[in-house]
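Notes follow the structure.
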Amino acid sequence: MRFNRKKEKEFKFSDYKGENKPGLLTSFDRLDYIYVETKDDEELFKICDTLLGGKPVIVNFDKLNGADCNYMLAFISGVVYALEGQAIRIGPKLFIFGSKKDYEDGSLLQYVEDNK
Numbered sequence: 097m098r099f100n101r102k103k104e105k106e107f108k109f110s111d112y113k114g115e116n117k118p119g120l121l122t123s124f125d126r127l128d129y130i131y132v133e134t135k136d137d138e139e140l141f142k143i144c145d146t147l148l149g150g151k152p153v154i155v156n157f158d159k160l161n162g163a164d165c166n167y168m169l170a171f172i173s174g175v176v177y178a179l180e181g182q183a184i185r186i187g188p189k190l191f192i193f194g195s196k197k198d199y200e201d202g203s204l205l206q207y208v209e210d211n212k
């Protein structure tokens, strides 16, 4: 005997956009904070893997000199471009990176506005 189960509708985070539903995480809630101390490719790949994994990231480059910071920013910006996302400067060496989907709920943009 075979039972056919009805497939439940899969909900995406954007289906809940604008509604106040308990238990749902905003992009700000999923945000990772990374403090970069040295120009290290492994650290760079960790940041990019986090973005590719669907989580927005705040990266602090305070300990890096200008050239190393620009190198890492250029690489991360390429990943952000591929995700159709945005890189926003929120401090002298502090940036927030996210995909297009991460900015849809408005929580990251609200964070940027609150910290200007």
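Under our numbering, the first residue of the sequence shown carries the number 97, and numbering increases by one thereafter.
Ideal Cβ placement from N, Cα and C applies to all residues, glycine included.
Quick caveat, the model's predicted, so the values are computed rather than measured.
Burial state of Gln-182 (16 or more Cβ within 10 Å):
The count along the sequence shown starts at 1 and reaches residue 182 at position 86. Burial call: buried.
For the stretch 145 to 155 against the stretch 189 to 201, are there 3 or more C-beta pairs whose distance is under 8 Å?
yes
At what residue ranges does the stretch 125 to 198 contain a whole run of the alpha helix (DSSP H), taking only runs of 4 or more?
137 to 148 and 162 to 178
How is Glu-200 classed by DSSP in three states: helix, strand or coil?
Translated into the one-based positions of the sequence shown, residue 200 becomes position 104. Correct three-state label for Glu-200: coil.
Does the count of Cβ pairs from the stretch 157 to 177 and the stretch 125 to 145 closer than 8 Å reach three?
yes
Check whether the Cβ atoms of Val-208 and Phe-193 sit closer than 8 Å, and answer yes or no.
What you label residue 208 is simply residue 112 of the sequence shown in a count that begins at 1. What you label residue 193 is simply residue 97 of the sequence shown in a count that begins at 1. Going by C-beta atoms, Val-208 is not nearer than 8 Å to Phe-193.
If you run the structure through DSSP and keep just helix, strand and coil, what is Leu-205?
Position 109 of the sequence shown, counted from the start, is the residue given in the question as residue 205. Here Leu-205 sits in helix by DSSP.
Within the same chain, show all residues whose beta-carbon is closer than 8 Å to that of Phe-171, passing over the 5 residues directly before and after it, in chain order.
Position 75 of the sequence shown, counted from the first residue, corresponds to residue 171. Leu-140 and Cys-144.
To the nearest angstrom, how far is it from the Cα of Gly-202 to the Cα of Ile-186?
On the sequence shown, residue 202 is found 106 positions in, with the first residue counted as 1. On the sequence shown, residue 186 is found 90 positions in, with the first residue counted as 1. Straight-line Cα distance between these residues: approximately 16 Å.
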